[in-house]
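Every letter in the sequence shown is one number past the one before it in the numbering used here, and letter 312, counting from 1, is 552.
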Amino acid sequence: MARSANQVLRRDQTWSRLAGLIVAVFMLPRPATAAEPADLVLRGGKVVTMDPDRPLAEAVAVAGDRIVAVGTAAEIAPQIGPQTKVLDLAGKFVMPGFIEGHGHFLSLGEQKLKLDLTDATSWEEVVAAVAKAVEKSPRGRWIEGRGWHQAKWKKVPEPNVEGYPVVDALSLVSPDNPVVLTHGTGHMCLANAKAMELAGVTAATKPPAGGEILHDSKGQPTGVFRESAMGLIHRALNRAHRERSADEVHMERLKAIRLATEECLKHGVTSFQDAGSSIADVDLFNTLADRGELKVRLWIMLNEGNDALAGNLARYRMIGHGNGHLTVRGIKRMIDGALGTHGAWLLAPYDDLPSSTGLNLQPLAELRKAAELAIQHDYQLCVHAIGDRANREVLDLMEEVFRQHPQKQDLRWRIEHAQHIHPDDIPRFARLGVIASMQANHATSDGPFVVRRLGQRRAAEGAYAWRRLLDAKAVVINGTDVPVERIDPIACFYSSVTRKMADGVAFFPEQAMTREEALRSYTAAAAWTAFEEREKGTLARGKLADLVVLSGDLLTVPADEFPKVRVEMTIVGGRVIYEAPVALRKQ
Ligand SMILES: [Zn+2]
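Structural data, given as structure tokens:
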């Protein structure tokens with residue numbers, strides 16, 4: 241068909257309009273000119289951007305909640321206006337905010353509501369802490385504590401049974417308030433006389449199977465309950481929890497969220513991937529996000545039964561709700577238990593329990609149903625798998641689902657923990673595009689018993705094998721599983737790059753990550769894993785201004801000095817919302 245002059249003209253107009261548009265588009269994302277100064281400028285730092293185009297810089301300029309420029313001090317200088325807040329960093333280390341890859345946000349806060357006895361160095365200190373809590377508690381209210389560990393005490397308590405305290409002292413300081421104090425390992429609790437009375441425990445009470453109640457020489461219970469015997473006390477405690485009013489429960493949940501938020505910000509965690517929330521939890525997060533009251537950005541895996549999911553997935557899927565603070569697009573499932581309690585599902589029996597290969601917690605048919613729901617509603621399936629059998633079953637299942645839905649690409653499904661993997665399965669992560677969502681500090685915490693459970697060969701070949709996964713080109717992200725471990729990215733970074741256990745011995749050090757890989761696992765890789773690579777994880781123009789300022793340089797500080805590195809400042813969406821007590825000099 242011959243072109244008319246009109247058509248040519250139209251085409252030319254289109255071109256010139258297009259060219260104009262290209263120029264305009266080119267110009268648009270540079271709002272911070274001399275005429276449009278930045279709201280906030282950080283300068284004079286060592287800025288590690290995680291952006292391959294510009295890995296290092298000195299300064300960052302922020303307007304609103306976004307980064308508008310990253311560069312040298314001279315490059316950023318024109319963007320400083322009379323209203324710009326300028327922070328001089330004196331050489332401090334700046335990086336993208338940490339993204340916790342797998343934690344439990346509400347549980348983190350709830351743990352904080354309990355009496356923290358982790359640092360107690362004597363039984364007397366524990367009793368004194370409880371006495372103080374009694375003063376602040378209404379009569380009859382349960383006092384819950386956690387984290388005590390007799391191995392941390394300077395002397396053995398007197399009197400004691402098997403080295404554990406006898407709770408008379410606790411009963412004396414708290415005659416009317418039931419007290420339950422959970423051991424640091426979670427495998428034991430202490431209950432005072434009032435708690436035992438409410439639980440109906442007497443000298444005659446027999447422990448349930450798999451549990452133990454300690455007694456003194458007169459046959460009286462000493463208040464120490466091991467393993468399943470803790471259930472006797474927990475039942476009484478849960479009865480009390482159920483009696484609380486809806487208002488009371490709501491207020492407590494809000495308090496837990498506030499405490500969890502404080503804990504995140506103090507540790508430089510600006511985004512948190514939550515490994516399992518209920519629909520009711522999401523309703524609460526949603527309300528807070530609407531009001532602008534969620535300070536940490538949450539990415540949620542829904543943890544509900546398949547029927548509840550089927551009825552709610554479509555309605556609850558949300559991306560970046562509340563100005564980028566709430567995303568719901570994951571489904572949490574759990575195929576096995578933990579290695580410490582012989583619950584991890586293994587291909588061959590435990591070395592130290594030859595009668596067992598562990599536990600399959602959720603039937604594969606149900607997992608399969610959850611996978612179909614995830615496909616149907618465009619959610620990411622995130623499955624807890626610890627043992628090599630568990631990991632293989634999940635990989636098999638995901639592979640089959642992917643094969644049956646070839647039109648669905650780039651699903652970014654995840655295996656949570658991926659702790660112990662058969663060497664044959666390691667390359668399958670990259671091949672299938674399944675993400676290994678690992679927690680480096682589990683390796684250094686579990687290290688002392690891993691070889692006992694798995695034997696030398698299995699432990700060496702595939703336990704906490706992030707080096708092998710990375711070499712096989714898998715995406716590995718990092719986190720703490722808080723409150724199982726403390727939410728401390730720097731401690732986790734230390735585990736990632738040194739694999740040093742508490743006694744200073746490295747657990748299969750050949751599996752360590754490089755420092756760059758460890759940083760990536762906590763930033764850019766974690767963002768990608770959540771389909772958020774355009775929003776966060778690197779410091780570049782257009783990204784959310786989520787950053788942390790650290791007192792030490794994670795790329796150069798001697799490895800043994802990592803634990804001394806502190807978070808000095810946490811910035812979310814361009815706002816400084818945490819500053820360490822030793823404040824940076826401001827201009
Ligand atoms: Zn978890």
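Where a beta carbon is used, it is the ideal one built from N, C-alpha and C, also for glycine.
- Decide yes or no for the touch test of the region 582-593 against the region 559-570: beta carbon pairs closer than 8 Å, at least 3 of them. no
- Query: Distance, Cα to Cα, ASN631 vs ARG654?
  - Reply: 11 Å
- Okay, do the region 310-322 and the region 731-741 touch, 3+ Cβ pairs below 8 Å being the bar? no
- Please classify PHE266: is it buried, with 16 or more other beta-carbons within 10 angstroms of its beta-carbon, or exposed? Reliability of the predicted coordinates at PHE266 is poor, the pLDDT of 45 falling under 50, and the value obtained from them is presented with this limitation in mind. Answer is exposed; the Cβ neighbour count stays below 16.
- Item | When GLY463, ASP416 and VAL370 are compared against ASN400, the one with the closest alpha-carbon | GLY463
- Message: Considering Cα atoms alone, identify which of ASN546, THR810, GLU633 and LYS392 is closest to SER518.
- Response: Comparing Cα-Cα distances from SER518 to each of ASN546, THR810, GLU633 and LYS392, the minimum goes to ASN546.
- Message: Let me confirm a value: GLN513 is counted as buried when at least 16 other C-beta atoms fall within 10 Å, else exposed. Which label applies?
- Response: Buried is the call here.
- Should MET491 be labelled buried (16 or more other beta-carbon atoms within 10 Å of its own) or exposed? exposed
- Sub-9 Å separation of ARG755 and LEU794 beta-carbons: yes
- Message: Between ASP786, ARG537, THR720 and THR527, which has its C-alpha nearest ALA303's C-alpha?
- Response: For the residues ASP786, ARG537, THR720 and THR527, the minimum Cα distance to ALA303 belongs to ASP786.
- Should VAL674 and ALA714 be called a contact, given that it needs their Cβ atoms to be closer than 9 Å? For VAL674 and ALA714, yes; Cβs fall inside 9 Å.
- Task: Taking only the alpha-carbon atoms, compute the straight-line gap between THR810 and VAL789 and give it to the nearest angstrom.
- Result: 7 Å
- Excluding the 5 residues preceding and the 5 following VAL807 in the sequence, name in chain order all residues of the same chain whose CB lies nearer than 7 Å to its CB. Excluding its 5 nearest sequence neighbours in each direction, VAL807 has C-beta neighbours in its own chain below 7 Å: LYS506, HIS507, GLY508, VAL788, LEU790 and ALA820, listed in chain order.
- Query: For ILE262, which of helix, strand or coil comes out of DSSP?
  - Reply: In this predicted model, ILE262 has a pLDDT of only 47, less than 50, meaning its place in the structure is not dependable; the value taken from the coordinates is given anyway. Here DSSP, grouped into helix, strand and coil, assigns ILE262 to helix.
- Task: With a cut-off of 5 Å, give the chain-ordered residues whose Cβ is closer than this to any heavy atom of ligand 1.
- Result: ALA515 and ASP721
- Task: Since I believe VAL441 is in contact with SER414 (beta carbons under 8 Å), could you give me their beta-carbon distance rounded to a whole number of angstroms?
- Result: With 8 Å as the limit, SER414 and VAL441 do not qualify as a contact, their Cβ atoms being about 16 Å apart.
- Item | Rounded separation between PHE525 and GLY459 - CA only | 49 Å
- Message: Within 10 Å of its beta-carbon, does SER468 have 16 or more other beta-carbons around it, so buried, or fewer, so exposed?
- Response: exposed
- Query: By how many angstroms is the C-alpha of GLY337 removed from the C-alpha of ALA317?
  - Reply: 24 Å
- For SER735, count neighbouring C-beta atoms within 10 Å of its own C-beta (all shown protein chains included) and say buried if the count is 16 or more, exposed if not. buried
- Message: Considering only the alpha carbon of each residue, which of GLY792, ALA758, LYS804 and GLY627 lies closest to GLY341?
- Response: ALA758
- Look at ALA614 and ILE575 and say whether their C-beta atoms are less than 9 Å apart. no
- Message: Helix, strand or coil for ASN600? Go by DSSP, reduced to three states.
- Response: Strand at ASN600.
- Query: For HIS660, does the three-state DSSP call read helix, strand or coil?
  - Reply: DSSP places HIS660 in strand when its eight states are reduced to three.
- Query: Can you tell which of TRP388, LYS332 and HIS344 has its C-alpha closest to the C-alpha of ASP356?
  - Reply: TRP388
- Query: Which residues bound the beta strand (DSSP E) around GLY502?
  - Reply: It is worth fixing the name first, because residue 502 is Glu in this sequence and not Gly. Segment 486-506 is the alpha helix (DSSP H) holding GLU502; no beta strand (DSSP E) there.
- Message: Please state the DSSP three-state secondary structure of GLN616.
- Response: helix
- Query: Would the region 383-397 and the region 358-365 be scored as touching if the rule is three or more Cβ pairs under 8 Å?
  - Reply: yes
- Query: Could you give the C-beta distance for TRP620 and ARG569, rounded to a whole number, given that I count them as a contact under 8 Å?
  - Reply: First, the amino acid is wrong: residue 620 is Gln here, not Trp. At roughly 6 Å, the Cβ-Cβ gap stays under 8 Å, so GLN620 and ARG569 are in contact.
- Query: In angstroms, rounded to a whole number, what distance separates the CA positions of GLU544 and PHE642?
  - Reply: 23 Å
- Message: One question on the structure: do GLY195 and ARG306 come within less than 9 Å of each other, judged by their Cβ atoms?
- Response: Residue 195 is absent from the structure shown; the chain starts at 241 and stops at 827.
- Would the beta-carbon of LYS354 fall within 9 Å of that of GLU503? no
- Task: May I ask you to report which of helix, strand or coil DSSP gives VAL805?
- Result: Residue state, collapsed to three classes: coil.
- List the DSSP bridge partners of ASN400. PRO405
- Quick one: is the Cβ of SER347 within less than 8 Å of any heavy atom of ligand 3? The ligand content of the structure shown is limited to ligand 1, which means ligand 3 is not among them.
- Query: Name the DSSP bridge partner or partners of TRP388?
  - Reply: HIS423
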